[in-house]
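Taken in order, these protein sequences are the chains called G and W. 2 is the number that this note's numbering gives to position 2 of the first sequence; each next residue is one higher, with no gaps. 145 is the number that this note's numbering gives to position 145 of the second sequence; each next residue is one higher, with no gaps. Ideal Cβ positions, reconstructed from N, Cα and C, are used throughout, including at glycine. For reference, the structure is listed below as structure tokens.
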Amino acid sequence: MSAVIRFLVRRVLLTVPVLLGVATLVFSLIHLVPGDPAQAMLGDGASPQDIAELRTNLGLDRPLPAQYAAFLRSAVTGDLGKSFRTGQPVTQMIAERVPATAELAVAAMAVAILLAIPLGIIAAVWKNTLADHAAMTFSLAGISIPNFWLGPLLAIVFAVELGWLPVSGRGTLAHLVLPAASLGLALSALLARMTRASLLEELGELYVRAARARGVSPAAAVLSHALRNSLIPLVTIVALQFGAVLTGAVITETIFAWPGIGRLLIQSIGFRDYPMVQGCILLIAVTYVAVNLATDVLYGVLDPRIRLE
Amino acid sequence: MMRLGLVIVVAVVTSALLAPLLPWDPSAQELAHRLQGPSWQHWFGLDELGRDILARVLLGARVSLLVGVVVVGVSSAVGMMVGAVSGYYGGRIDQVIGRVMDVLMAFPGMLLAIALVAVLGPSLTNVVLALAVIGWVGYARLVRGQVLRAREFEYVVAARALGAGTLRLLVRHVLPSALPPVLVQATLGMAGAMLSEAALSFLGLGVQPPTPSWGTMINGGRVHLLDAPHLTIFPGLLLAIVVLGFNFLGDGLRDALDPKKSEK
Numbered sequence: 001m002s003a004v005i006r007f008l009v010r011r012v013l014l015t016v017p018v019l020l021g022v023a024t025l026v027f028s029l030i031h032l033v034p035g036d037p038a039q040a041m042l043g044d045g046a047s048p049q050d051i052a053e054l055r056t057n058l059g060l061d062r063p064l065p066a067q068y069a070a071f072l073r074s075a076v077t078g079d080l081g082k083s084f085r086t087g088q089p090v091t092q093m094i095a096e097r098v099p100a101t102a103e104l105a106v107a108a109m110a111v112a113i114l115l116a117i118p119l120g121i122i123a124a125v126w127k128n129t130l131a132d133h134a135a136m137t138f139s140l141a142g143i144s145i146p147n148f149w150l151g152p153l154l155a156i157v158f159a160v161e162l163g164w165l166p167v168s169g170r171g172t173l174a175h176l177v178l179p180a181a182s183l184g185l186a187l188s189a190l191l192a193r194m195t196r197a198s199l200l201e202e203l204g205e206l207y208v209r210a211a212r213a214r215g216v217s218p219a220a221a222v223l224s225h226a227l228r229n230s231l232i233p234l235v236t237i238v239a240l241q242f243g244a245v246l247t248g249a250v251i252t253e254t255i256f257a258w259p260g261i262g263r264l265l266i267q268s269i270g271f272r273d274y275p276m277v278q279g280c281i282l283l284i285a286v287t288y289v290a291v292n293l294a295t296d297v298l299y300g301v302l303d304p305r306i307r308l309e
Numbered sequence: 001m002m003r004l005g006l007v008i009v010v011a012v013v014t015s016a017l018l019a020p021l022l023p024w025d026p027s028a029q030e031l032a033h034r035l036q037g038p039s040w041q042h043w044f045g046l047d048e049l050g051r052d053i054l055a056r057v058l059l060g061a062r063v064s065l066l067v068g069v070v071v072v073g074v075s076s077a078v079g080m081m082v083g084a085v086s087g088y089y090g091g092r093i094d095q096v097i098g099r100v101m102d103v104l105m106a107f108p109g110m111l112l113a114i115a116l117v118a119v120l121g122p123s124l125t126n127v128v129l130a131l132a133v134i135g136w137v138g139y140a141r142l143v144r145g146q147v148l149r150a151r152e153f154e155y156v157v158a159a160r161a162l163g164a165g166t167l168r169l170l171v172r173h174v175l176p177s178a179l180p181p182v183l184v185q186a187t188l189g190m191a192g193a194m195l196s197e198a199a200l201s202f203l204g205l206g207v208q209p210p211t212p213s214w215g216t217m218i219n220g221g222r223v224h225l226l227d228a229p230h231l232t233i234f235p236g237l238l239l240a241i242v243v244l245g246f247n248f249l250g251d252g253l254r255d256a257l258d259p260k261k262s263e264k
């Protein structure tokens, strides 16, 4: 077996216990509800018959190991039960929302990358100058501004005052701008700092100095030589931040009435629709694990040193 | 920047502590002037029930800081203990702890906190609990790395050779070397915990009205974005400034404590 395949197999196998752990935690969520989950879902006025019926439907009347085994089996087959609120299959309702969240996440990542890389380059090339300090202050401010505050502010300015963009909903590209900007800004701030640090390290390397000595212009030395290498660690940071984007989407979707999984999660929490809450949490966590796995695999394939570790 | 961060943090902590002594009553209502904008009498204006926003923002600062301190305190204490045990003993213990941490890290950001508060019910205590459950992992990973390095230091080996017990070795010799990075992480963690509490409260999962919290105030203000944007602007601005302050402070501390970084 080649080293690449061995690395791939090992990395995929390592993910299995993590996924099992994630599923176990998600399974236990409903058992953390204080008192009887069925009673909590139906409210105080529910009759004992209704409560007993819901307990049977949720499988809560079965022994815990049997519930756990059934949950794992269902999770693997993609059957996460039915929504308490609508009666529709959880998987189907989530699947309907996936395109909206994926669209928002990709757009936010694009905003972040397009803002962060030029800022990081400016800060690294003009290190310790006013431009560097301004870029890094902007970056720290971006990390500090909560997106649940930035979102409404952007809506006031660009939707209400200027009337340039719609205030909420999904449909056209214009609908995507404000949610993507409010979600992408904090990420761009972090990426800009990472780009700066990574590029600074590369700029100190001998091959950059050698390129300059060969007569390569300063701009070409940065853009064609140092930047390309400095972007490699950023791939990991972007992938790790994908989790922050997914969580941020929960808030952003709530603010802009964006019909994605995040909004579905918050609505389901409000209705105590626990099967739906479990489904949304499981999907987001599994997506995050999958993205991390894909990043690791890609990284290992690209960089032989990682495979050998 | 570190000094600016310190000034912001000290100013906010002082204001929050002195809030009950200030002449504004956070629960007094002037219904006739509800939603009134900033004025000399009410610097940040009045909210939808005619309550002074400045007074409520200052009271909200107490909630935010309290959550930050408790979450960081509990997370760092648990994280240091677990990380030290994991790094020092290694082997099976390290592997088991490592797998638990892997599972918790498999949940992105605040998702697990949202999930926990969703099932436990919205309250300040549950917010603190949920944030501590996800918070300790970062400290444990950090301390584990430091302990792995420190246990091979000559003075630690010497102390062990002289017969020092495990607890003494960890507490007196190994853990002190991990304190500077933990201090940095705790400062940045204050910012993170305050942001998370506000986010949970914004989503209706945290502090419940009438207790003022910056997150609930921002959420409440959304209904009046068009006619009274000051309801949203001031709590958010304060939150952003405080978080920026802690970030400045944490960043400065990191540079000050890491000679390699301070050269850059």
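The beta-carbon distance between G169(G) and A257(G), rounded to whole angstroms, is 6 angstroms. This is short enough to meet the 8 angstroms contact definition. Three or more pairs of CB atoms, one per stretch, sit closer than 8 angstroms, so the segment 195 to 212 of chain W contacts the segment 54 to 70 of chain W. Check the Cα spacing between V133(W) and each of S196(W), G145(W), R149(W) and V182(W): the tightest is with S196(W). If you check each beta-carbon in the segment 185 to 208 of chain W against every beta-carbon of chain G, the ones closer than 8 angstroms belong to A191, L195, A198, A199, F202, L203, G204 and L205.
If you look at T211(W), you'll find it isn't in any alpha helix (DSSP H); DSSP assigns it neither H nor E. Here DSSP, grouped into helix, strand and coil, assigns D227(W) to coil.
Scanning its chain for C-beta atoms nearer than 7 angstroms, with the 5 sequence neighbours on each side dropped, one finds around V72(W) the residues A186, G189, M190 and A193, in chain order. Between G138(W) and chain G, the shortest Cβ-Cβ separation is not below 8 angstroms. Along the segment 255 to 284 of chain G, the positions whose C-beta sits under 8 angstroms from a C-beta of chain W are I255, L265, I266, I269, G270, Y274, V277, I281 and I284, read in chain order. Along the segment 230 to 249 of chain W, going in chain order, the ones with a CB nearer than 7 angstroms to a CB of chain G are T232, G236, L239, A240, V243, L244, N247 and F248.
Taken residue by residue, none of the segment 150 to 177 of chain W has a beta-carbon sitting less than 7 angstroms from a beta-carbon on chain G. Taken through DSSP and simplified to helix, strand or coil, L46(W) comes out as strand. Excluding residues up to 5 positions away in sequence, G59 and R62 lie with their Cβ nearer than 8 angstroms to the Cβ of A70(G) in the same chain.
Under the Cβ distance rule, D258(W) does not count among the residues neighbouring chain G, no pair being separated by less than 8 angstroms. Checking the DSSP bridge columns, you'll see P89(G) partnered with K82(G). Secondary structure of D52(W) (DSSP, three-state): strand.
For F148(G), the uninterrupted alpha helix (DSSP H) run begins and ends at N147 to L154, by DSSP.
Chain order gives the chain W residues near P17(G) as R99, where near means a beta carbon separation below 7 angstroms. Among the residues facing chain G, A16(W) is not included, as its CB has no counterpart in that chain under 8 angstroms away.
Only residues of its own chain outside the window of five on either side were considered, and among them A123 and W126 have a CB closer than 6 angstroms to the CB of D132(G), listed in chain order. Pairwise C-beta distances place the segment 175 to 187 of chain G in contact with the segment 243 to 262 of chain G, as three or more of them are shorter than 8 angstroms. Contact between the segment 83 to 90 of chain W and the segment 141 to 153 of chain W is present: 3 or more CB-CB pairs across the two stretches fall below 8 angstroms. Between T195(G) and L104(G), the beta carbon gap of about 23 angstroms keeps them out of contact (Cβ cut-off 8 angstroms).
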